[in-house]
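*Asks:* Protein chains in written order, with UniProt numbering: chain A, 1 to 692; chain B, 1 to 570. Ideal Cβ positions, reconstructed from N, Cα and C, are used throughout, including at glycine. Since the structure is predicted, the reported quantities are computational estimates derived from the model, not experimental observations. Attaching a single structure in structure tokens format; questions to follow.
The following block contains the structure:
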């Protein structure tokens, strides 16, 4: 990537728009309230604020990188365009019938989420391609014209095209697109064979529908944004962060807006990956905890793990299956309903349950004193001494400990015969265990052992809980970087230009066809590289090759990373050896005597990651000045301890503090459990490790 | 000596155990070969104490397995003998009466040792696509014809897999690679559960599961009894008649709410059938329990204590308590109708709680494809078995419409058509919602679905039909109308039966319409906005809107005009 001296990162979140300006490596950041009606306003406002701080003009900015939850929110809030789907006759209801199952088996009153498009917006054409990509029923142009006439007459703005087995043969989809383009010149078109060329019709159709649904909105927003920035004198290129953790051009983003879903959290993962590089860490668990949810991601070799499908807009307690699947390259993370505002109650088994309901900012946790009377995670944190009631959010909100105790006692304590402190302990343990479980399951699914990992924590609530989480997960080292409150926006500035192209093509190792593989991968490489070239005409571009393999007959493929050499001069024995190696790592033993098959091929083109100089670790330079002391509960010891309070900005390089302690700053507090000690590193990270 | 742990620590451990079994189940989904397991989730996984009492069970899975597997581990302990249980053992069975109801379910149990001492068991069950015999279907006259029977035995002894057993299995089934792959997947799944448990025991410094087991069972028992004891002490009878194989079947139950228990007695139910739709009691229990738990104590996790207060009895040799050697391959058909039968009774005790009748049993079929016999077949053509799971509509609820094409009471998923077509030379020509099939009502029944299935050029096939509700559609409640019945025929109009293996010649398709759920409440009470929405979406036709719901011709025309303008009448 071309290095620009002045770069701007902008992350539009649900509540705040975070803006970070870097001028010759020095950061200037601000948070402004997201302006829903015209999100570009908050960006312009924030941009001026940081430019003023840095003493530069908008015209001095060399590059802008933008990520946004607007795409996600449009899907969640169903604020998309008037969209029609054209699909194969006989398959009109694929996106409505889902998996024909109930994601919560014991709820007699369960309702399933409505599909993005109701049935009258879904049209069919007679045609059929089979599982080998051969045409069973040819598509007749006049039949398409009749359907498109109907759609045109109804005034649809956007058309999604999803036909059976189009990931193998997209000719019919392209013919439909041609007719739509001809008869509906103003309409936007999305093809499933382009947006998500992967097997499994429900996921693919849903993805192309989602793309079509948000395309007019995103295109118009991105156009307005560009216009406003130009009006303010910005002349540089504008890029978008995508869900896979890279950057694409504004034009490509407008064409494939579904790839922008979850771009904010992806920026957070890139942020953590960058810190991992700075510390030379190959195994990192990033932990981002905000007001409503916690997100956990594995970062190996300084690269966030990616996946091919994820679920957006979960409607039922974040439960798996209650949202809609989107199959695009995405940074693989688990998100659970656990944040500072998550509320607790006691269930019929006399168990404390926490979340996913959140107190939000109104009324907020009980301790805000705004009428909240249910205990939230923040209330437990306050009662356990993790927060200072007089210095929360830089002292801007006075917390009321008595209200927290009252809520904890009335909702939990009285039912379970516990005092407020024990109830707070129980609540905190349950939410920490929920997050630990999510992390554990995620690690197991990826064949990883967390005890070898380092945690990097950011987001307002993460530093309060990260220490305990490390104890639970057997993680020995925790880094809390500075600027954690705007981590995603900083991450945007660290992301490479990248694009992942993939295709479902089935091949058994017994029918290994090296020339075909070479041509397929070359094609994918050219496609992916093209997207990156759009962003940067000169930078060197690296290609990363991945194939998804399984024993023939299995349904779950595992990703196998290949070197360029292994991929471009392919031989079956190497593919087999690589598969078996990874399979055994995941599942313990290989299955003898079965054929192995490749299902998905993927090439990620990326500019080389920014060269990160590894920093030298700080030399211990004595104890940090203690600003005060308070009683803090230590869950591992199940008792209150006398804890030191240290101000983060008074910790010089190499300053140390032994747990139990609290390191405080305006946005958050880092809790050092009694089993841990901390040292401030040269880059400002607080480095927490097990006492020696 | 059991160590003392705080209430908070036990809460954390309980959560952890539930997460352990969930991981166990996910490992199975990821390593399994049968589409029934990997795509449809027809499986279950759980952890047990040393006495064989179930402590936790994965949410992933289906109720028939869930509750049936609860009893299985005790059988394993008894059959293997405590003194013969050693580290590295893995046990197996597909015994319908000591496992989960038919030979097509393989249950595997692994003892879990910690520091050299047995601390519990992991068990898991999966529905496999073929076990030999006549193939998956109702045609057998006894269990002997239904396939290979594997009594409770060691699959691996002290870590050593019994290769003789593997050879016997391979030699007796149609898809040996797939089945052996699934058996290894089940083994892996228990192994993963065991590893996680060992980590948990290390972390909490546990020597055994007695303390946490007692905590789980005591809290679950108390919570379940609180729910039961808050109900009126009443009893009521319910019944439902369905197609059966050759002759119709009437299921009868008397549900009695008593102190500390609910008794469901199936006395009066039709006797065993000659064909394989009989249900072992263990499977009947599973679905009766499920129905009651959904209605009364839905959020209490499944374990030995939360299931115990639901007592189920049925006289031997009724179709809900078929004993050896009755054929039981399609026991799910009767099993899936048990909840609607129980709800017929429960509705009389607790009105406005339970749904109207739904499609009930899954609309499954298996096709056995082979090169055509009436002409030249394609080169290299081979036989292939393809099983699909599909659902009709669920019954309308007191406050909500029924769910369209969604399984109830079963918890399985359908397989993607594109995945199914990769398994063999089958073509699914149609799979979409069936207009007008949901029973009319204040709340409408869920829609059933249309399916059309054929073979690739050069193939013919047998279809093994497993459908019911051809002659006995789902009945409405409180004035709601019945759902549409099942229909099945070939595309040239030749008639077919709802059950049994039937030949389909080269070039022909099977046209199926799966049943809708029944309605709840008087259709004239339905919100007119919902009637219009249903018409716009094509859930109902204009005729139905007029006839069943009294929508005026003007309103119907207005809806049609709105559709033409692409308006969303949600």
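1) Would you mind telling me which residues of chain A sit closer than 9 Å to residue 390/B, beta carbon to beta carbon, in chain order?
2) Is there a Cβ from chain A that is less than 7 Å from the Cβ of residue 416/B?
3) What ranges does the beta strand (DSSP E) occupy inside the stretch 23-86 of chain B, keeping only unbroken runs of at least 3 residues that lie completely in it?
4) Indicate the three-state DSSP secondary structure (helix, strand or coil) for residue 151/A in the structure shown.
5) Indicate the three-state DSSP secondary structure (helix, strand or coil) for residue 404/A in the structure shown.
6) Please report how far the alpha carbon of residue 316/A lies from the alpha carbon of residue 114/A, in whole angstroms.
7) By the DSSP assignment, the beta strand (DSSP E) with residue 204/B in it spans what residues?
8) If you reduce the DSSP assignment to three classes, tell me which class residue 361/B lands in.
9) Got a sec, what are the start and stop residues for the alpha helix (DSSP H) residue 582/A sits in?
10) If you follow the alpha helix (DSSP H) that residue 423/B is in, where does it begin and where does it stop?
11) Just how far apart, CA to CA, sit residue 445/A and residue 27/B?
12) When you compare the CB of residue 285/A with every CB in chain B, is at least one pair closer than 7 Å?
13) Using 10 angstroms around the beta-carbon of residue 167/B, count the other beta-carbons present and answer buried if the total reaches 16, otherwise exposed.
14) Using a Cβ-Cβ distance cut-off of 7 Å, determine whether residue 47/B contacts chain A.
15) Mind checking whether the beta-carbon of residue 549/A lies closer than 6 Å to any heavy atom of the ligand FAD?
16) Run through chain B and tell me which residues come within less than 8 Å of residue 130/A, C-beta to C-beta.
17) Relative to the alpha-carbon of residue 671/A, which residue among 662/A, 679/A and 82/A has its alpha-carbon at the smallest distance?
18) From the DSSP output, in three-state form, read off residue 758/A for me.
19) Using a cut-off of 9 Å between C-beta atoms, extract the partners of residue 347/A located in chain B.
20) Please identify, using Cβ separations under 7 Å, the residues of the stretch 536-555 of chain A that lie next to chain B, in order along the chain.
21) Rounding to the nearest angstrom, what Cα-Cα distance links residue 552/B and residue 546/B in this structure?
22) Find out if the Cβ-Cβ distance for the pair residue 269/A, residue 243/A is shorter than 7 Å.
23) The alpha helix (DSSP H) with residue 379/A in it runs from where to where?
24) Under a Cβ-count criterion, where at least 16 other Cβ atoms within 10 Å of its own Cβ denotes burial, should residue 51/B be classed as buried or exposed?
25) Verify the CB distance criterion: does residue 429/A have a CB-CB separation below 7 Å to chain B?
26) Go ahead and label residue 142/A buried or exposed: buried means 16 or more other beta carbons lie within 10 angstroms of its beta carbon, across all protein chains shown.
27) Rounding to the nearest angstrom, what Cα-Cα distance links residue 23/A and residue 439/A in this structure?
28) Using 7 Å as the threshold, is the C-beta distance between residue 271/B and residue 318/B below it?
29) Does DSSP put residue 679/A in a helix, a strand or coil?
30) With distances taken between CB atoms, is the gap from residue 296/A to residue 284/A smaller than 7 Å?
31) Give me whichever residues DSSP pairs with residue 715/A in a beta bridge.
32) Can you name the residues that DSSP bridges to residue 513/B?
33) Just to confirm the assignment, what range does the beta strand (DSSP E) spanning residue 237/A have?
34) For residue 144/B, count the other beta carbons within 10 Å of its own beta carbon; 16 or more makes it buried, fewer makes it exposed. Which is it?
35) At the 7 Å Cβ level, is residue 118/A part of the contact set with chain C, yes or no?
*Replies:* Put simply:
1) Indexing the second chain from 1 puts residue 390/B at position 390. Correct list: 100.
2) Your numbering for residue 416/B matches position 416 in the second chain. Output row for residue 416/B: interface = yes.
3) Counting only runs that start and end inside the stretch 23-86 of chain B, the beta strand (DSSP E) elements of at least 3 residues fall at 43-48 and 54-57.
4) Counting from one through the first chain, the residue named residue 151/A turns up at place 151. Of the three classes helix, strand and coil, the one that applies to residue 151/A here is helix, per DSSP.
5) Residue 404/A sits at position 404 when you count from the first residue of the first chain. Three-state result, residue 404/A: helix.
6) Taking the first chain and counting its residues from 1, the one referred to as residue 316/A is at position 316. Taking the first chain and counting its residues from 1, the one referred to as residue 114/A is at position 114. Their backbone Cα atoms lie some 13 Å apart in a straight line.
7) Here residue 204/B corresponds to residue number 204 of the second chain, with the count starting at 1. From DSSP, residue 204/B is part of no beta strand (DSSP E); its letter is neither H nor E.
8) In the second chain, residue 361/B corresponds to position 361, counting from 1. Residue state, collapsed to three classes: coil.
9) One-based indexing of the first chain puts residue 582/A at position 582. Per DSSP, residue 582/A belongs to the alpha helix (DSSP H) from 572-587.
10) As a first step, residue 423/B must be located in the second chain, where it is residue number 423. Per DSSP, residue 423/B belongs to the alpha helix (DSSP H) from 417-423.
11) The residue you call residue 445/A lines up with position 445 of the first chain. The residue you call residue 27/B lines up with position 27 of the second chain. Answer to the nearest angstrom: the Cα atoms are 8 Å apart.
12) Position 285 of the first chain, counted from the first residue, corresponds to residue 285/A. Closer than 7 Å: no.
13) Here the question's residue 167/B lines up with position 167 in the second chain. With fewer than 16 neighbouring CB atoms inside 10 Å of its own CB, residue 167/B falls in the exposed class.
14) The residue you call residue 47/B lines up with position 47 of the second chain. It does not: the Cβ of residue 47/B has no partner Cβ on chain A nearer than 7 Å.
15) You won't find the ligand FAD in this model; it holds no ligand whatsoever.
16) Position 130 of the first chain, counted from the first residue, corresponds to residue 130/A. Residues of chain B passing the Cβ test: 421, 427 and 456.
17) Numbered from 1 along the first chain, position 671 holds the residue referred to as residue 671/A. Of the listed residues, the one whose Cα sits closest to residue 671/A is 662/A.
18) Here chain A covers residues 1 to 692 and nothing more, so residue 758/A does not appear.
19) Along the first chain, read from residue 1 onward, the residue named residue 347/A stands at position 347. Here the neighbours are 223, 299 and 300.
20) 551, 553, 554 and 555
21) Position 552 of the second chain, counting from 1, holds the residue named residue 552/B. Position 546 of the second chain, counting from 1, holds the residue named residue 546/B. Computed Cα separation, rounded: 6 Å.
22) The residue you call residue 269/A lines up with position 269 of the first chain. The residue you call residue 243/A lines up with position 243 of the first chain. It is not a contact, given that the beta carbons lie outside the stated cut-off.
23) Counting from 1 along the first chain, the entry for residue 379/A is found at position 379. Counting along the chain, the alpha helix (DSSP H) containing residue 379/A begins and ends at 377-383.
24) Taking the second chain and counting its residues from 1, the one referred to as residue 51/B is at position 51. Exposed.
25) As a position in the first chain, residue 429/A is number 429, starting the count at 1. Yes, contact with chain B.
26) For the purposes of this step, residue 142/A is taken as the residue at position 142 of the first chain. Looking at its Cβ environment, which holds fewer than 16 other Cβ atoms inside 10 Å, residue 142/A is exposed.
27) Counting from 1 along the first chain, the entry for residue 23/A is found at position 23. Counting from 1 along the first chain, the entry for residue 439/A is found at position 439. Residue 23/A and residue 439/A: Cα-Cα distance of roughly 36 Å.
28) The residue given as residue 271/B occupies position 271 in the second chain. The residue given as residue 318/B occupies position 318 in the second chain. Yes; because the gap between Cβ atoms is below 7 Å, this pair is in contact.
29) Locating residue 679/A in the first chain gives position 679, counting from the first residue. Of the three classes helix, strand and coil, the one that applies to residue 679/A here is strand, per DSSP.
30) Working through the first chain from its first residue, we reach residue 296/A at position 296. Working through the first chain from its first residue, we reach residue 284/A at position 284. Against a cut-off of 7 Å, the Cβ pair of residue 284/A and residue 296/A comes out as no contact.
31) Shown here, chain A extends from 1 to 692; a query on residue 715/A therefore has no answer.
32) The residue labelled residue 513/B in the question sits at position 513 within the second chain. DSSP, once it has assigned bridges, lists 450/B and 487/B as partnering residue 513/B.
33) Start at 1 with the first residue of the first chain, and residue 237/A comes out as number 237. That run of the beta strand (DSSP E) goes 237-241.
34) Residue 144/B sits at position 144 when you count from the first residue of the second chain. The residue is exposed, with fewer than 16 neighbouring Cβ atoms inside 10 Å.
35) In summary, chain C is missing from the structure at hand, where the protein chains are A and B.
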